[in-house]
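In case it helps, UniProt numbering puts the sequence shown at residues 1 to 428.
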Amino acid sequence: MSEGQGTRIRKTLACTAEANAYQKAFGAELRKRVVDDGEPFAIVQADTPHEIFHVMDIPIVTNQWWSAYIAAKQLSGRYFQVLADGGYPANSCKYCSLGFACTLANDPATAPWGGLPKPTVLVARLTCDCIQHVFGQWAKALGSEFFPLEAPAWPHKDPQWFARSNTEWRDVYDADRIALLVEEMRDLITLLENRTGRKFEDAKLHHLMERINEQETYLWEAAQAIGKARPCPVSIAEQMSNTMIPQWHRGSDWAVDHARKFRDEVLERVAGGLGAATNERVRLMWIGAGLWHDPGFYQALEERMGAVFVWSMYLPFTGPQYIRDFGDAPMDALSSRICSMNEVLHLPPWMNGWMTSEAERCGIDAAMVLLPPDNRLSQSGTKLTAASLEAAGVPVLALDADMVDAKNWDHDKMVGIVADFLTSRGLA
Numbered sequence: 001m002s003e004g005q006g007t008r009i010r011k012t013l014a015c016t017a018e019a020n021a022y023q024k025a026f027g028a029e030l031r032k033r034v035v036d037d038g039e040p041f042a043i044v045q046a047d048t049p050h051e052i053f054h055v056m057d058i059p060i061v062t063n064q065w066w067s068a069y070i071a072a073k074q075l076s077g078r079y080f081q082v083l084a085d086g087g088y089p090a091n092s093c094k095y096c097s098l099g100f101a102c103t104l105a106n107d108p109a110t111a112p113w114g115g116l117p118k119p120t121v122l123v124a125r126l127t128c129d130c131i132q133h134v135f136g137q138w139a140k141a142l143g144s145e146f147f148p149l150e151a152p153a154w155p156h157k158d159p160q161w162f163a164r165s166n167t168e169w170r171d172v173y174d175a176d177r178i179a180l181l182v183e184e185m186r187d188l189i190t191l192l193e194n195r196t197g198r199k200f201e202d203a204k205l206h207h208l209m210e211r212i213n214e215q216e217t218y219l220w221e222a223a224q225a226i227g228k229a230r231p232c233p234v235s236i237a238e239q240m241s242n243t244m245i246p247q248w249h250r251g252s253d254w255a256v257d258h259a260r261k262f263r264d265e266v267l268e269r270v271a272g273g274l275g276a277a278t279n280e281r282v283r284l285m286w287i288g289a290g291l292w293h294d295p296g297f298y299q300a301l302e303e304r305m306g307a308v309f310v311w312s313m314y315l316p317f318t319g320p321q322y323i324r325d326f327g328d329a330p331m332d333a334l335s336s337r338i339c340s341m342n343e344v345l346h347l348p349p350w351m352n353g354w355m356t357s358e359a360e361r362c363g364i365d366a367a368m369v370l371l372p373p374d375n376r377l378s379q380s381g382t383k384l385t386a387a388s389l390e391a392a393g394v395p396v397l398a399l400d401a402d403m404v405d406a407k408n409w410d411h412d413k414m415v416g417i418v419a420d421f422l423t424s425r426g427l428a
C-alpha cells in the first residue's frame, strides 16, 4: 500500500451504513442551505455550544468535522502546502488549520462544496495559543467575525470527576466557570439574533437537553455493554461512526432514534456472542482523535492477531460528559459540558484519572496513543496518562502521526509497528 493511502472500515452493523448514509445526505442538504440558498451559518469548534445554533435552526459547519471531511477526500497534503507557500509555520496545528488552509487555497474546482462561503460568525474556545491566530485569520479571509469563548483555569482538580459529573456538575466543573460561559453564550445569542433575525427560545433548549440526555443514555448503555462483553461486539472503527455522526445532530429525532438502534444492535451482538474478531485475544485502547484518513487501520489486526480496538474516547465520553440532571437550569448544564470538554480529554489529572479507570472497566491489554507532532493540545496530558496506564499494568505505544495529515503515514508500516509492539510485550 502506498504512503498516505487510507483504508476503509469493514462494516458489521446495519446502523453503521445508515449513519454514513444519513451524514452524506445531511452534507448535501447542508451544502444546499449554506452554499446554494445562502442561509446564515456558523463555523464552530467541536467544544462550543452547538445546541444554541440547533435551537435557532442555524446551520453549523464544525471545524473538526470539516477537517475530517477534507482529509477523507485525501486533500490535506495539497492544502497544507498552501499554508507553507503562504509563509505559515510548518508546525501549525493541522487539525485546527486545515479548514483555514482550504479557504486560503481558494480553488473551487478541488475544494469540497467549492469551498465555504462567508459565515455569520466563527466560534471557538481559546483552549490553546493557536486558536485565536487560526480563527482570527480565517474570519478575516472569509470577511466574517471571530467570536472567542474563554477557557479559564480549572482550580478544582478531581481525578474522579466522572463519578459525580451527571448530578453534581456545579461542584465538579466550578460554578464560576459555568457562570462565565453562560454569560458568553447569552452574548453569542444576542449576536446571532441581531445578525440573522432568528430567535432563541429557552423552552426549546430545555426540550433539546432532555432529548440529548436520552440519546447519550443509549450511547452510554452501549459503551457499558461493549466494555463488559467478551468478545468485544464492535470495534471502535464502527463505534466512532455511530457515536460522532449522531453527536453532530445531538438531540434531533434522528440522532436519538439512531443511538437507540445502535444500542440495540450492540446488545443483540453481545447476546449472540458475536465479536469484531473471530478469535479475540488482545483488547486495545486508542487515545486521541480518530485517524480520519485511514479508519481501516483499527481493524487491520483483528483477524491476523485477534487484536481488537475496544475503546476510544468518543463513545464512553457520552455518559460522564453529556448526561446532566439539569432541572430548571439547562443553560448552566450546557455550560458545564462545554467549559470542561477539552480539559477532561487532554489535561491531567482529569484525562489520566478517567482513562485509567476506563482501561480497567474494559479489560484493556494495551493502549495506543496518537501523538500528532504539531498539535500541542492533543499531547498535553499524554505522557502522564501513559505513565498512569503503565503503572496500572497497561503497556502503552506512542504513534507519531496526525489525525488529518496523511503525508507521513504508511498504513502497512504502522500496522507492523503495532504488531511488533504487541509481540514484544507477550500479548500476541
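Think of the CB as a built atom: it goes at the ideal place given N, C-alpha and C, for glycine as much as any other residue. Since we're looking at a predicted model, the values are computed, not measured.
- One thing to note: R125 has its Cβ no nearer than 8 angstroms to the Cβ of L142.
- Under the DSSP assignment, F26 falls in the alpha helix (DSSP H) whose first and last residues are A14 to R31.
- The beta-carbon distance between S76 and D405, rounded to whole angstroms, is 5 angstroms. This is short enough to meet the 8 angstroms contact definition.
- Each residue's CA atom was taken as its position, placing A391 and W311 some 19 angstroms apart.
- Assignment of R10 by DSSP, reduced to helix, strand and coil, places it in the coil class.
- In this structure, C339 sits near R177, with a CB-CB distance shorter than 8 angstroms.
- For R283, the enclosing beta strand (DSSP E) begins and ends at V282 to I287.
- Going by beta carbons, I287 and M209 fall outside the 8 angstroms limit.
- As far as DSSP is concerned, L334 takes part in no beta bridge.
- For the pair M285 and A367, the CB atoms are nearer than the 8 angstroms cut-off.
- Ranked by Cα distance from N342, the options A255, G327 and Y314 are led by Y314.
- Residue T12 holds the alpha-carbon nearest to the alpha-carbon of S235 among T12, R8 and Y22.
- P349 has no beta-bridge partner at all, per DSSP.
- Remark: C-beta atoms of I245 and I52 do not approach each other more closely than 8 angstroms.
- A distance below 7 angstroms between beta-carbons, with the five flanking residues on each side excluded, links E302 to the following residues of its chain, in chain order: S235, A276, A277 and V308.
- Annotation for M56: no beta strand (DSSP E) segment contains it, and DSSP assigns it neither H nor E.
- When DSSP assignments are scanned along the stretch 105-192, the uninterrupted stretches of alpha helix (DSSP H) that are 4 or more residues long and fall wholly within it turn out to be 129-142 and 169-173.
- Between the C-alpha atoms of Q160 and Y173 there is a straight-line separation of about 12 angstroms.
- Taking the Cα of D332 as reference, the smallest distance to any Cα among A25, E183, K94 and I131 is reached at E183.
- In the three-state reduction of the DSSP assignment, I364 falls in the coil class, being assigned neither a helical nor a strand state.
- Following the DSSP letters along the chain, one finds I236 inside the alpha helix (DSSP H) bounded by residues I236 to W248.
- Note: T62 is bridge-paired with V44 in the DSSP secondary-structure output.
- Pairing P233 with L274, the inter-Cα distance amounts to about 6 angstroms.
- The Cβ atoms of M403 and G290 sit closer than 8 angstroms to each other.
- Counting C-beta pairs with one atom in each stretch, the stretch 18-31 and the stretch 93-108 have fewer than three that are closer than 8 angstroms, which means they do not touch.
- Between E39 and R33, the CB-CB gap stays under 8 angstroms.
- In this structure, the straight-line span from the alpha carbon of V121 to that of T196 is close to 11 angstroms.
- The C-beta of E168 has fewer than 16 other C-beta atoms within 10 Å across all chains shown, which makes the residue exposed.
- With respect to N166, R324 sits close: the two C-beta atoms are nearer than 8 angstroms.
- For F421, the uninterrupted alpha helix (DSSP H) run begins and ends at H411 to S424, by DSSP.
- Of all alpha-carbon atoms in Y95, A71, P152 and V266, the one lying nearest the alpha-carbon of C130 is that of Y95.
- It is roughly 36 angstroms from the alpha-carbon of L427 to the alpha-carbon of I70.
- In the three-state scheme derived from DSSP, where H, G and I count as helix and E and B as strand, V308 is classed as strand.
- Straight-line spacing of the CA atoms in P59 and F41 works out to 5 angstroms.
- In this model, A387 and A175 are separated by some 31 angstroms (Cα to Cα).
- The straight-line gap separating the alpha-carbon atoms of L389 and V369 is approximately 11 angstroms.
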